[in-house]
Structure formats: structure tokens, C-alpha cells
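This report refers to the structure that appears directly beneath it.
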């Protein structure tokens, strides 16, 4: 017996299961209201019901109290324990113990649903047949209610199982999509960068003796490329850990810092974005920061946001968004989502995406040093 299971007793599960024990008031009523029962039957039957309730609650609230090699064997063990007070109650009430069949159905249906729903269906059918053909007095005095209750339990358990299977499939699909996204990100980030680094390294090696100045220049470009790739890899890792706008913002900060660009970002409280815009704004932020790191040669980058707008500003080159650097795709996706995209390269490079038509700057001029 695993007594440590008592320390992690699940009260919520126990209450949800135990609340239905109130219906055992029926056999208690027969024991105490019918003068035909002897004191031994009355007290013995009552004690059996109490023990049954205690074991039933433990079976749900501290299921692992019984040590077993599998959930199936553990459920069999709990069923065996429940049979002991059931036998005691049989000596007092006879066929009225069929009232207890619903609780056996619940135990099996909810603790090991893959098999338990079938076992529970079998218990329900057998209980119905015994009541109907051999104990009609039980059927006529509420037994049918317990059979209906057992059927309800089986339906609920089956619906829960369908939901669990669906959630498991959804989780598997999400994990598969995440793996595909990671593969694409790694390919996009490292594929081009490593190819260029390799070519430049070979070129620098060839120029080392004949054109040392040119070789130094190539090595400097290699260092810059590797730093940019490292920044994007770190951003991707952060994004995987926090797949929401807050995670995207954290990834942006890490990427900018790795690229030696000072990040001026909103606080977590300021960066709360409604669900409708969070996905779009995450994508805008990712694409804009990627362009800043790869093409701007900026020293600073500012990001500001409100529920309907996002703005990214940097003090780098105003040629960073030449065709092919992501501007067209960025603008098209924003417009498809029903927003407006604005780009300004006067003094600073600014990207503003607005979903409500407000084009006033979010990054105030006074905050830019």
C-alpha cells in the first residue's frame, strides 16, 4: 500500500465522485424503516454502507493508494475491496445490493475508460437483467433509476474519453506543426548565413597572403553574419518557450541585444494585446526586427504598442526595406488582416501598423535620443 498517496489526496475528484453516494440513502432507509430486519442486519448493513462509501471515496481521491503494476490491475483491486462491504450488505439486504452496481460502473468508466466503459456496460446490462427477471421488487422500487444513472455515467465517460482523444490528437498536431516551424526557422536562419560564411571564409583564406586588407574585411563580415545568425537563433529559442506576443517581444529583445542594438521595448503591462491582433502583431514584430538586425546597421530600436497599433522605429539605414527585404509581404499580410501599413524613412525608419486608422506616432520623438 502506497501511503504517500494520502498526502496528495485529490479532494475535488473525491467530492465529485462522493456526492453521488447520497443515493445510498435508499438502502439505508430500508434497513431502518422496515421492522423486518434484525438489529444485526440493520447495524451490520449500515456499517457495510459506511465502509463502502469510504473505500469508494479513496478509490477516486487516492487511487494510487493501492500499489499495482497497471491502472487496470489497480481498478480490479479497488473493485475487490468494494466487494467486501457489498458482501456484508448482501447478508442484510439481499438483492437490494444491486443499487451499488452504478458505483462499480463509475469506478471502471472513469479510472480506466479504455476498458472500463466496456466493463461498465456489462455490469449495467447484468444488473438490469437480474433486477427485471429475478428481483422485480428492486426494479419497481427505484432500481430502474440506478440503471438509468449507470447509463448516464457511461455516456459522460465516453464523451470525456472522446474529448481526451481529441485533445491528444490536437496536441500531437500542434507539436508536429511546431517541429515543422522550427525546421523552417532553422533552415531560413542558418541555411543562407552558413553558406555565405563558408564562401567568405574561403575567400578570406585565399586573399590572406595577396590582399590582407581585403581578407580582414571579409573576416569582419563573417563576424557580423555569425552574430546576426546567433541573434536569430536565440530569438527562435525564446519564441519556442513563449509562443505568444510576450514571448515574441522577449525574443526581439534578446535578438537585438545579441546584435549589439540597444532595445527600447514596452513593459509587460504595456504589451498586452487582444487575441484578435496578437498573432498579426507578433508576425509584424518578428519580421520588422529581423530586417533591423539583418539590414539596418542600427544602434537603437524602439517598439511601442497599444491594443490596436504597433510601431517599430530604428536609427539605421533608410535603405533596409529595399524590395526583397520583406516589405511587400509585411504590407500585404497587414492589409489582408484589415489593417493599414505605413513606412517612413525620414530621419528615422518607422513602421506603423494600425487596425483602427489612427496614424499618430506611438514612439514619441522626445523618447528618441
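In full-length UniProt numbering, the protein residues as written are 1 to 369. The beta carbon of each residue, even a glycine, is placed where N, CA and C say it ideally should be.
- The DSSP-derived three-state label of residue 35 is coil.
- Straight-line measurement puts the Cα of residue 131 at about 8 Å from the Cα of residue 137.
- The secondary-structure analysis by DSSP pairs residue 123 with nothing; it has no beta-bridge partner.
- The region 146-157 makes contact with the region 105-118; the number of CB pairs closer than 8 Å reaches 3 or more.
- The Cβ neighbour count for residue 257, taken over all protein chains shown within 10 Å, is under 16; the residue is labelled exposed.
- Under DSSP, the beta-bridge partners assigned to residue 352 are 311, 342.
- With contacts defined as CB atoms closer than 7 Å, residue 291 and residue 315 fail to qualify as a contacting pair.
- With contacts defined by Cβ atoms closer than 7 Å, residue 75 and residue 105 do not form a contacting pair.
- Considered as a whole, the region 128-216 harbours 144-186, 192-207 as its complete alpha helix (DSSP H) runs of no fewer than 4 residues, in chain order.
- As the crow flies, the alpha-carbon of residue 362 is around 14 Å from that of residue 341.
- Membership of residue 328 in the alpha helix (DSSP H) is indicated by the continuous run 327-336.
- If one requires a minimum length of 3 residues, the beta strand (DSSP E) runs lying completely within the region 229-311 are 262-264, 300-306, in chain order.
- The Cβ atoms of residue 38 and residue 31 do not sit closer than 7 Å to each other.
- If you compare the alpha carbons of 228, 178, 167, 170 with that of residue 196, the shortest gap goes to 228.
- Around the beta carbon of residue 206, fewer than 16 other beta carbons lie within 10 angstroms, which makes this residue exposed.
- Around residue 112, the same chain offers 71, 72, 75 as residues with beta carbons nearer than 7 Å, after the five sequence neighbours per side are excluded.
- For residue 9, the three-state secondary structure derived from DSSP is coil.
- For residue 65, no alpha helix (DSSP H) encloses it, and the DSSP letter there is neither H nor E.
- Leaving aside the five residues that flank residue 305 on each side, the residues in its chain whose CB is nearer than 8 Å to its CB run, in chain order, 266, 270, 271, 273, 281, 311, 362.
- The criterion of a C-beta distance shorter than 7 Å is not satisfied by residue 252 and residue 203.
- Contact between the region 85-97 and the region 13-23 is absent, with fewer than three C-beta pairs closer than 8 Å.
- A straight line joining the alpha-carbon of residue 83 with that of residue 169 spans about 37 Å.
- For residue 102, the enclosing alpha helix (DSSP H) stretches over residues 101-111.
- By the neighbour-count criterion, in which 16 or more other beta carbons inside 10 Å mark a residue as buried, residue 330 falls on the buried side.
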